[in-house]
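A quick write-up on the structure given underneath.
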Amino acid sequence: MSTVIERDLVVIGGGPAGLAAAIAAKEAGCEPLLIERDRVLGGILNQCIHDGFGLHRFGEALSGPEYAGRFIARLEELDIPVMRNTIVLSLSGDRRLLVSRLGEISEIRAKAVVLAMGCRERTRGALSIPGHRPSGVWTAGAAQNFVNLENIMPGRNVCILGSGDIGLIMARRMTLEGAKVEAVFELLPWSSGLPRNIRQCLVDYGIPLFLGTTVVDIVGMGRLEGVRVAEVDGERRPVAGTERFVPCDTLLLSVGLIPENELAREAGISLSPVTGGPLVDSDCMTNVPGIFSCGNALHVHDLVDNVSEEAERAGRSAAACAAGKLSAGGTAAAIRPGAGVRYVMPDRVVIPDAPAEKDSLNSLNSLTLAFRVAAPSRDGVTRLSAGGKVLKEEKHPRLHPAEMVWMKLSGAELGELRTIGKPLEVSAS
Amino acid sequence: MDYDVLVIGAGVVGCAIARELSRHRRADGGPLKIGVLEKEPDVSLGTSSRNSAVVHSGINYAPGTLRAKVNVRGNAMMDELCAQLKVPIKRIGKLTVALTESDLPGLHKQRNQGEANGVPGMELMDNAKMRTIQPGIEGILGLWTPTSAIISSFGLTIALAENALANGARFHLNSEVTAIDRGEGTLTVTAGGKKFTARVVINAAGLHCDEVSAMAGFAGAKIWACRGEYYVLDKRLDGTLKTLIYPVPGPNDPGLGIHLTPTVDGNILIGPSAAYIPEENREDYRATSAIMADLRREGLRLLPDLAASDFIRSFSGNRPKQTPPEKGGNADFIIEDVSAEIGTSAGFIHLLGIESPGLTSSPAIAGMVREMVEKHVPLAERDDFIAERPGFAGSFSELPKEQRMDLIKTDPEYGEIVCRCEQITKKEIRQAIENPLGARTMASIKYRARAQMGRCQGGFCTPRIVRMLRDEYGFRPEDFFVRGGAPMFFGNVRDGLKGGEAL
């Protein structure tokens with residue numbers, strides 16, 4: 221029999237974003253329901269058994285499961301209800317969800333929804349790599365799942381295409397488990413992963429990284445026999461005469477992450493062509509009232525600590541929304557990426573006409589802008605400006621596309637924005 | 377005698393023949409013993425799963441040809457067959473479109489051929505009329521053929537095989553034919569290292585039909601493989617195409633031209649190209665950079681808002697052509713009993729060059745072949761034939777909500793989703809794993825349940841299916857195969873651990 225459940229807030233996804241959003245919402249006085257498709261909470265953190273999580277938030281180097289564990293413990297402490305092994309089949313713009321789990325399809329109506337579905341890995345298909353389709357070509361995350369959770373070795377002689385963080389982590393992981401990692405090939409002239417991962421996962425193990433190089437052919441009718449690689453020119457086209465064959469039985473792909481937004485699209489939410497995630501305001505609310513987004517479903521992060529912080533903001537805003545306390549009035553100012561910046565999060569900031577009331581849950585007393593630069597640089601400067609007037613400027617010894625840049629605006633600085641009313645622009649040089 | 381009839385090749389044609397034969401018993405009262413030999417670890421792994429999955433109307437071939445005859449006849453048989461076998465089919469019709477004046481002679485030729493071939497319901501349409509079917513379509517004149525349809529090509533092949541099996545036919549997978557010896561009233565076929573004797577052998581070996589006929593002593597057949605490459609587009613675009621839209625084919629084109637084809641599952645295919653490939657390996661299914669670029673360009677021309685992430689996969693299929701590269705074009709199908717030519721008193725029937733419209737024609741071809749078999753083994757229709765296949769057509773997720781609720785009551789695993797992109801349930805995966813043919817490759821599960829076919833290409837569900845096979849079916853790492861070839865994995869990371877303990 222079909223059951224209809226009424227809820228204040230539904231958080232979709234029990235990874236780091238969903239956990240933090242649900243906890244923050246509960247702490248703000250809301251009664252959230254967390255829906256997780258897997259058997260356990262924690263999301264992708266469960267397969268990230270390396271350390272380095274929580275350096276910012278906890279001042280400790282935790283493993284992925286440990287980091288998730290802290291949030292799961294808090295979730296249990298707060299007695300937040302969780303539906304595990306549950307998939308959201310559909311989401312409508314008026315926040316009706318159809319969910320499916322063992323023995324049951326049910327409908328949920330929510331006053332507010334937080335989308336925290338995370339992201340998925342880009343596959344070979346989206347890259348259009350020519351060649352055969354043998355077994356032995358995996359996304360790095362799938363290989364990580366097999367090795368770390370399922371005790372299965374996916375390869376012995378490994379090449380890695382793409383220098384995304386999961387690929388770098390897997391280069392080290394496969395080496396530690398006795399595989400030979402031949403090389404990492406990166407199309408771009410710089411690495412897509414964090415510099416610390418380049419150091420700790422490649423340099424320390426003598427694994428070469430070839431920048432400006434890509435796989436142009438996958439060879440092997442049954443099992444992968446090797447890949448043909450070539451250097452690329454400034455327009456990322458293979459350069460004739462630079463081709464070489466690298467024998468391997470396994471190719472791991474770490475070539476980008478795509479925010480999971482099929483549900484968002486279905487609910488009529490506008491997505492950014494740059495990030496693949498929803499366009500949101502400073503409350504993490506999408507263009508569909510009452511639906512919020514955070515974490516890697518919103519834009520792909522490089523540090524989970526930042527995911528938690530962003531998700532807490534989304535959770536608090538959603539709680540305010542469910543309680544009918546999200547301020548409706550105010551000035552909406554668009555924030556655009558300027559020169560040297562790929563995108564800025566949020567897409568627009570709603571500046572309340574008056575400073576936030578004391579009991580208002582969405583206190584816009586500060587604002588954090590997150591953005592990525594387009595190319596690496598040293599001794600760079602990032603600027604927030606409006607109509608040519610620079611409002612804030614920050615210096616950075618190093619700027620890198622792999623590292624998200626954060627700019628925090630204080631209440632006083634926000635007060636200044638209230639009088640401007642022009643589109644804001646974030647640039648880097 | 378092991379078999380009355382032995383079919384070589386478990387593509388759509390071989391499986392249709394096996395199913396048609398399984399409707400019969402021997403006229404002398406005994407059961408008709410039917411065997412099928414397949415070199416791959418499952419049925420439908422060759423050209424039958426590598427095509428546009430279109431049921432053609434029959435306008436493309438010259439009147440009087442066998443191709444035209446079996447096409448039109450096969451098309452007319454498809455609705456009843458698919459209803460019996462629970463195979464998804466959608467009669468969405470087709471517009472063959474003349475873009476310029478120069479296309480008009482070709483278009484009229486198609487119409488005249490269709491008329492002579494007995495294609496029902498054809499209509500010439502001006503642009504305004506075409507736009508009532510496909511908004512925004514370009515072109516000055518179109519030929520509408522309402523009987524054109526889309527179908528699940530591997531779904532049909534698998535269903536035919538399973539239904540034949542349910543009616544007593546036996547399938548030998550991983551059994552590549554290496555020799556055929558002619559004896560008195562019997563042929564002995566060596567396959568997968570075993571010998572099978574049969575009164576009648578049917579060569580439905582597709583890309584290898586000439587090689588199989590040569591083994592039986594028939595030297596006059598020759599096949600060239602002509603590759604067609606495709607892209608599969610994300611389901612996001614489902615509904616964009618209301619009908620099949622084809623260009624007018626040129627007289628010497630080896631295929632029907634690059635176009636967009638909606639699939640019954642809601643994806644769109646771009647393709648196929650047509651490029652002859654070298655002799656050495658007829659099953660080289662590679663994707664080539666030049667053609668991939670062409671297909672992307674063509675896709676963007678036809679659907680301007682395509683994003684890179686909409687191209688979720690490429691694949692290719694090879695056509696068994698009887699005409700060499702320098703000639704191109706389309707030779708007629710050859711379906712003939714060559715027992716006399718090869719000097720045997722047993723029966724040897726071969727099917728040569730069954731490319732497009734082989735899928736459409738398969739039920740009609742099966743009927744033709746059964747009549748040929750009757751010259752060697754008199755047949756009578758069985759009264760205990762099981763025509764229906766159990767279950768429902770398509771995926772659980774496509775059923776109306778009420779029906780889904782009812783099915784979940786009968787089996788709670790219909791509520792548990794394993795493949796997130798395609799919303800495939802654990803019950804459907806289980807049914808695919810436990811398929812009656814006993815095929816256990818990852819491709820077998822994919823073609824039966826659709827898992828791994830969505831936009832994440834198995835990133836989410838493959839580890840879950842692997843876990844299910846290990847925990848519930850006792851698979852060891854070395855037991856996992858994508859198709860044939862080498863195993864997917866290299867043993868365990870650590871001895872003494874099962875895996876999955878952490879969760």
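As you go down the protein sequences, you meet chains G and P in turn. Here my numbering is used: the first residue of the first sequence is 221, the next is one more, and so on. Here my numbering is used: the first residue of the second sequence is 377, the next is one more, and so on. Glycine included, C-beta positions come from ideal geometry on N, C-alpha and C.
At a cut-off of 9 Å between beta-carbon atoms, A487/G makes no contact with chain P.
Interface with chain P (9 Å Cβ-Cβ cutoff): H352/G is included. Contact with chain P is found for A362/G, since one of that chain's Cβ atoms lies less than 9 Å from the residue's Cβ. I349/G is positioned such that its CB atom lies no closer than 9 Å to that of L322/G. Along the segment 660 to 694 of chain P, the alpha helix (DSSP H) occurs as fully enclosed runs of 4 or more residues at 665 to 678, listed in sequence order. Excluding the 5 residues flanking it on each side, A827/P has same chain C-beta neighbours closer than 8 Å at V794, C795, E798, I800, E804, I805, A808, I821, G834, C837, I841, in chain order.
Close to M373/G, with beta-carbon spacing below 9 Å, are these residues of chain P in chain order: P853, F865, F866, G867, N868, V869. With a cutoff of 9 Å on beta-carbon distance, S320/G and E486/G are scored as not near each other. DSSP, reduced to helix, strand and coil, places Y437/P outside both helices and strands of the structure shown, so it counts as coil.
With a cut-off of 8 Å on Cβ pairs, the segment 623 to 636 of chain P is not in contact with the segment 553 to 572 of chain P, counting fewer than three such pairs. I644/P sits close to L617/P, with the two beta carbons spaced by under 9 Å. DSSP, read as helix, strand or coil, puts H620/G in coil.
Residue range 818 to 825 is occupied by the alpha helix (DSSP H) that includes Y823/P, with no beta strand (DSSP E) assigned at that position.
In chain P, no part has a C-beta under 7 Å from the C-beta of T223/G; the shortest such distance is about 11 Å.
A581/P sits in coil when the DSSP states are folded into three classes, being neither helix nor strand. Shown here, E798/P sits in coil according to DSSP, grouped into three states, outside any helix or strand. With respect to V508/G, N516/G sits apart: the two C-beta atoms are not nearer than 9 Å.
The beta-carbon of N365/G is placed less than 9 Å from the nearest beta-carbon of chain P. When the Cα atoms are used, M390/G and T462/G turn out to be separated by approximately 27 Å.
By the Cβ-count criterion, Q779/P is exposed, with fewer than 16 other Cβ atoms from all chains shown falling within 10 Å of its own Cβ. The beta carbons of I556/P and L727/P sit no closer together than 9 Å. Counting the other Cβ atoms within 10 Å of the Cβ of K697/P gives 16 or more, which makes it buried.
By the criterion of a C-beta distance shorter than 7 Å, A580/P is surrounded in its chain by V383, I384, G385, G387, V389, G390, I393, L727, once the five residues flanking it on both sides are discounted. Contact of P236/G with chain P is not assigned, every C-beta pair being separated by 9 Å or more. About 4 Å separates the beta carbon of L388/G from that of N417/G, a gap short enough to meet the 8 Å contact definition.
Annotation: K803/P has no Cβ neighbours in chain G at a cutoff of 8 Å; minimum Cβ distance is about 10 Å. Secondary structure of V745/P (DSSP, three-state): helix.
Looking at the DSSP output, G446/G bridges to V439/G, P467/G. For K470/P, the CB contacts under 7 Å within the same chain, skipping 5 residues up- and downstream, are S433, T521, S524, T619, L620, Y622 in chain order. In terms of Cβ geometry, P374/G and I300/G do not form a close pair [threshold 9 Å].
E414/P and F530/P do not touch by the CB rule: their CB atoms are close to 14 Å apart, not below 8 Å. A distance below 7 Å between beta-carbons, with the five flanking residues on each side excluded, links A756/P to the following residues of its chain, in chain order: H400, R401, A403. Against chain G, the CB of G440/P has no partner CB under 9 Å away; the residue lies outside that interface.
For L483/G, the uninterrupted alpha helix (DSSP H) run begins and ends at 482 to 486, by DSSP. By the criterion of a C-beta distance shorter than 6 Å, L783/P is surrounded in its chain by Y790, once the five residues flanking it on both sides are discounted. Shown in chain order are the members of the segment 379 to 413 of chain G whose Cβ falls below 7 Å from a Cβ of chain P: E397.
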